[in-house]
Amino acid sequence: KVEQIYEARKLLKKYGIRCAFFLQFGYLGETKEEEEATIKMVLDLMPDEIGVSVSYPLPGTKFYEKVKNELSKKTNWTDSDDMAMMFRDNVHPHYYKHLQRYIHKVYQRQKGIQNLRTLMEKPGKGSYGKLRSILGIAYYTPLAYLAKKELRK
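Here it is in structure tokens:
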């Protein structure tokens, strides 16, 4: 449940345990509102890293059974890339590539903002990586805006 993800992230952060979120989009019936809620969750919780791909139907799962007759010629992960849909749906094939780019840009922008806040609160806690992330705010802000426009097309 989403509440459990929030609680788990809080505990991991409390104990200094790094975490990464691996996001998959493109499940049957997924809505734009659910995509937006997922992005909000990522920005709320700011994991240390993120990965984004499209849903992947694994043999033996209910999901696979629902889409097995619609699988394209790319029926094996080795024949595909992380953002190539392996079954037909109602979304343009390039949509998920744009979504992935958008999420990474807003995540990196937010990471820079987070590092800027930390540096302002604790000036001695800076590092080259954090400074670079802070400078990335100027880079990722316009790119995130453009990526959002592209995503809406």
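Numbered per the numbering used here, the sequence shown spans residues 276 to 428. We treat Cβ as the ideally placed atom computed from N, Cα and C, and that holds for glycine.
- Among the bridge pairs identified by DSSP, Leu391 is matched with none.
- Boundaries of the beta strand (DSSP E) around Glu324: 324-329.
- By the neighbour-count criterion, in which 16 or more other beta carbons inside 10 Å mark a residue as buried, Gly404 falls on the exposed side.
- Distance from the CA atom of His373 to the CA atom of Thr313, rounded to whole angstroms, is 15 Å.
- Between Leu320 and Tyr281, the C-beta gap is smaller than 9 Å, which places the two residues in contact.
- Cα atoms of Lys343 and Lys337: separation of roughly 10 Å, rounded to the nearest angstrom.
- A direct Cα-Cα distance of roughly 22 Å separates Val381 from His367.
- Scanning the region 281-342 for uninterrupted alpha helix (DSSP H) segments of 4 residues or longer gives 307-320, 337-342, listed from N- to C-terminal end.
- A residue is called buried once 16 or more other Cβ atoms fall within 10 Å of its Cβ, and Ala422 is buried on that count.
- About 36 Å separates the CB atoms of Tyr339 and Arg384; that is not less than 8 Å, and the two are not in contact.
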